[in-house]
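Chemist:
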Amino acid sequence: MKKDFKRSLSIMKSKVFDFIPNNLKEILLNDPLVVIKNQNLFDHDLINLAASLSFKQGELRDKVLHWDFGPVMKMNFDPQARNYLFSEEKVPFHWDGAFYQEPQFLIFYCLQSEGEGGETLFSNSNLLYEDVKDTYPNFKLTYHTEKKVHYGGSFSTQLYKAHPLKPHEMILRFAEKVETEKNPVTLEINADEKEASRFYSELSQKLYDTKYCYQHKWQKGDLLIADNFTFLHGRNALKTNKERSFKRVQVL
Ligand SMILES: [Fe+2]
């Protein structure tokens, strides 16, 4: 395994394994991004893993987020896509479930990835918070998008929030605007126009700073688990990596 890959993960307080550790759930509380290499998994393995990582009690549906299509989302490039997530465009930073129900952990499993582009970006919002808390007030942010695929609507959030599993840790609930023909997302900031525009351009640039941002170049068999509260995530444009294929499961 490449040294620079391990080094950049350790900056993010994250770990890499060649097997799924028994105490993965505990590891994730300290190391909010874990990569496990060379896995060969079926949907039921992913669902079982997701259920085992949940801190919730109850039935499977209480532990693993179920959408109209079930708990496992296939993520492939679709040239006819009505939504940017399935297009070749870049995916700006966001967190999952904001328009519906926020999962604790995201599980990504890579079936195929070749060529340039399609790297997933993870920006550590707890580190970012420590850096920006004295610069920006706790703005109220309102996001809106039309429901064309599995999510949509409007919601408001404060910029700063406590991590639900670690109340002493603060995180950011900041997503970039999605300026696309394919299902845009708008953002309204509760501040005067000049202040809002300076805040937006500075913070959206910081998300990509390598002090906070880890870029994962995928290999077939990679299983990546990320804390959806600590990390904001996005994706580079697909470029030549159009055969990129993934499964995603979300842990409540
Ligand atoms: Fe996402």
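Numbers 968 to 1219, taken from the working numbering, label the letters of the sequence shown in order.
Beta carbons: idealized from backbone N, C-alpha and C, even for Gly.
Within this structure, are the beta carbons of K1144 and N1050 separated by less than 8 Å?
Modeler: no
Chemist: Once the 5 residues before and after M979 are set aside, which same chain residues still bring their CB inside 6 Å of it?
Modeler: L1000, N1091 and Y1181
Chemist: Quick check: what's the CA-CA separation for L1174 versus N1015?
Modeler: 32 Å
Chemist: Smallest Cα separation from K1041: which of S1212, L1219, Q1217 and P1059?
Modeler: S1212
Chemist: D1063: beta carbon under 7 Å from a heavy atom of ligand 1?
Modeler: With a cutoff of 7 Å, D1063 counts as near ligand 1, since its C-beta is closer than that to a heavy atom of the ligand.
Chemist: Rounding to the nearest angstrom, what Cα-Cα distance links E1069 and E1083 in this structure?
Modeler: 31 Å
Chemist: Helix, strand or coil for K1214 per DSSP?
Modeler: strand
Chemist: So, are the CB atoms of K1107 and S1123 less than 8 Å apart?
Modeler: yes
Chemist: Below 7 Å CB to CB, which residues in the same chain sit around F1198 once its five sequence neighbours on both sides are set aside?
Modeler: P999, L1000, F1089, S1090, N1091 and S1092
Chemist: CB-CB under 7 Å to L1278, same chain, minus the five flanking residues each way: which ones, in chain order?
Modeler: For residue 1278 there is no data in the structure shown, the boundaries of the chain being 968 and 1219.
Chemist: Inspect the beta-carbon positions of A1048 and K1149 and report whether they are closer than 8 Å.
Modeler: Their beta carbons are under 8 Å apart, which means A1048 touches K1149 by this criterion.
Chemist: Between G1085, Q1125 and N989, which lies nearest to Q1186 when the distance is taken from Cα to Cα?
Modeler: That would be G1085, whose Cα lies nearest to the Cα of Q1186.
Chemist: Per DSSP, what are the beta-bridge partners of L1170 in this structure?
Modeler: Paired residue(s): none; L1170 is not in a bridge.
Chemist: What does a CB cutoff of less than 6 Å around E1155 pick up in its chain, not counting 5 residues either side in sequence?
Modeler: T1109
Chemist: Tell me the start and end of each unbroken alpha helix (DSSP H) in the segment 1071-1104 that is at least 4 residues and wholly inside, in chain order.
Modeler: 1092-1099
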